Amino acid sequence: MRLRSVLLGVVASLLLVVIALTVSARSFAALPSGVPAWLQAHVGDSDGQISQVVLERARALYLKKVAQGAVKNPCYFAMDATRPGDLGNGVLGRRYYVVCEASQSFRAISSGHGGGRNLRGTLDFSNGRRCSKNFGNAMDSELTAGGAYMTREAKTSFKGFYRTGAKQDAAFLRTFIQFDGEGEAANARQRVIGGHAAQVLRGMCLRKNPNSSYADHDGFVPFGKLVEYAGGRSNGCTSWSPADAQQIISMIKDNPTTLYIYPESRDIAAVAANRSQSGGRPYWNASCLKEIGAPKFWPRKTLEPMIAQYKKDHPAPPPQPLPICKGS
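Structural data, given as structure tokens:
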């Protein structure tokens, strides 16, 4: 009788273990790829959310680099270049993501995409402000290339002076974060692809200021109008609003981390074929897909010779010196 009771007790215990394991497995299955519940709550296809495939790839890249000892930064980045950059009425699409799992922090901010180029009379692979249709990794293409990146060194350069108030000028110093890419994005350094504030000086001229440390041998400094283009396009780099750029650069200066940019060429091919490797429908932002019709990836082996030929047929005029500013 005692033996029977013991056996019944063992069976009951085993049943409890099986039930617990089943519940645990179901709970884990509810979170794809082990994504924490707090982070899974930010997954979705609406503005400010991150799509599932983008998060999974960005997270896998980060965890891989952490395991290799290449990254110690508690945060990582992702960008979904299939989403609109401009939602209209001065509202920018939030498609660049800052994820810090240790502090359970998730931020979605705006970011520019590569504008591409229109080689007039030859080839047009340009992109509009709202949605990106063309992607690629060719030199001088000014296109966004998806894939795995690491943030690297920060370079701060003097671009010129601009007017801040009545007879008050300020030096424009812009910091550029170099990216190193892998696979199709492996030539990121040669393409000078990185991240920076979406700001530039326009209408440049030379102003007399011999006392400035930036003056040339004739005592002139470059001067222009500071323009922000957070809702515009880049030359293939990742550009942020000035405020966001300041925060991001402070996070990764001397502390590299990963950036995953979606889509890769395989994703573009899947959308063009309207099928994914799993047999389901491949992911692309619905509103942008409706607008662009179908995306296109321009591989460097195809596009670079065409760009080189265009340059040969349309040589750039010799560089002209900046004019002297009126009133200088």
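Using this note's numbering, the letters of the sequence shown correspond one by one to residues 120 to 447. Heads up, the beta-carbon is just placed ideally off N, CA and C, and yes, glycines get one too. Predicted, not measured: the structure shown is a model, and the values here were computed from it.
Quick one: grab the DSSP three-state call for Ala149.
Residue placement at Ala149 is poorly supported in this model, since its pLDDT is 38, which falls under 50; the coordinates are not used for a value here.
Go through its chain and collect everything with a Cβ distance to Asp243's Cβ below 7 Å, but skip five positions before and after it.
Excluding sequence neighbours, Asp243 sits near Asn237.
Quick check on DSSP: helix, strand or coil for Gly231?
coil
List the DSSP bridge partners of Tyr216.
Ala197 and Ala227
Boundaries (first-last residue) of the alpha helix (DSSP H) holding Trp157:
That run of the alpha helix (DSSP H) goes Ala156 to Gln159.
Could you check which residue in Leu174, Ala316, Glu301 and Tyr216 has the C-alpha nearest to that of Tyr268?
Glu301
Might you give, ordered along the chain, the residues of its own chain that have their beta carbon closer than 6 Å to the beta carbon of Val319, omitting 5 neighbours on each side?
Val346
With a CB to CB cut of under 7 Å and the five nearest residues on each side skipped, what residues in its chain are close to Lys372?
Ala273
Nearest candidate by alpha-carbon position, reference Pro382, set Gly233, Pro155, Tyr333 and Asp205:
Gly233
Three-state secondary structure (DSSP) of Val340:
strand
Between the region 194-214 and the region 374-392, do three or more beta carbon pairs fall short of 8 Å?
The region 194-214, when compared against the region 374-392, does touch it at the 8 Å Cβ threshold.
How about Phe254 and Gly265: do their beta carbons lie closer than 8 Å?
Contact flag set, yes.
List the residues that DSSP assigns as beta-bridge partners of Tyr268.
Gly300 and Leu378
Taking a contact to mean a Cβ-Cβ separation below 8 Å, would you say Thr241 touches Tyr429 in this structure?
Taking C-beta atoms as the reference points, Thr241 and Tyr429 count as a pair closer than 8 Å.
Alpha carbon to alpha carbon, how far is Gly313 from Lys304? Give it in angstroms, no decimals.
Sequence inspection shows Ala at residue 304; the Lys mentioned does not correspond to that position. Computed Cα separation, rounded: 11 Å.
Can you give me the C-alpha to C-alpha distance between Glu175 and Val217, rounded to a whole angstrom?
Taking the straight line joining both Cα atoms gives about 14 Å.
With a threshold of 8 Å, are at least 3 pairs of Cβ atoms found where one atom belongs to the region 350-365 and the other to the region 204-218?
yes
Is it true that the CB of Leu262 sits closer than 8 Å to the CB of Leu441?
no
Go to Val190, then tell me how far its beta strand (DSSP E) extends in each direction, as first and last residue.
No beta strand (DSSP E) contains Val190, which DSSP labels as neither H nor E.
Same chain, Cβ closer than 6 Å to Gly235, neighbours up to 5 away in sequence not counted
Phe244, Ser245, Asn246, Asn253, Glu261 and Leu262.
Proximity to Ile296 [Cα-Cα], best of Met323, Ala334, Gln365 and His336:
Gln365
Do Arg213 and Ser229 count as a contact pair if the criterion is CB distance below 8 Å?
yes
Spatial distance of Pro155 from Ala221 (CA atoms):
11 Å
Could you check what DSSP says for Asp432 in three-state terms: helix, strand or coil?
helix
Buried or exposed: where does Pro414 fall if 16 or more other Cβ atoms within 10 Å of its Cβ makes it buried?
Around the beta carbon of Pro414, 16 or more other beta carbons lie within 10 angstroms, which makes this residue buried.
Drop a sphere of 10 angstroms on the beta-carbon of Pro418, count the other beta-carbons inside from all chains shown, and report buried for 16 or more, exposed for fewer.
exposed
If distances are taken between C-alpha atoms only, which option among Gln159, Ala316, Pro424 and Asp386 comes closest to Pro361?
Minimum Cα distance to Pro361 is reached at Ala316.
List the endpoints of the continuous alpha helix (DSSP H) containing Lys327.
In the DSSP annotation of this structure, Lys327 is not part of any alpha helix (DSSP H); the continuous beta strand (DSSP E) holding it starts and ends at Gln318 to Lys327.
How far does the beta strand (DSSP E) with Leu206 in it extend, from its first residue to its last?
Asp205 to Gly207
Supposed contact pair Ala257 and Glu423 - C-beta distance, whole angstroms, cut 8 Å:
5 Å
Helix, strand or coil at Asp259 according to DSSP, with G and I counted as helix:
coil
Supposed contact pair Ala200 and Ser251 - C-beta distance, whole angstroms, cut 8 Å
Taking the Cβ atoms as the reference, Ser251 lies roughly 5 Å from Ala200, within the contact range of under 8 Å.
Which class does Arg310 belong to by DSSP, given the choice of helix, strand or coil?
coil
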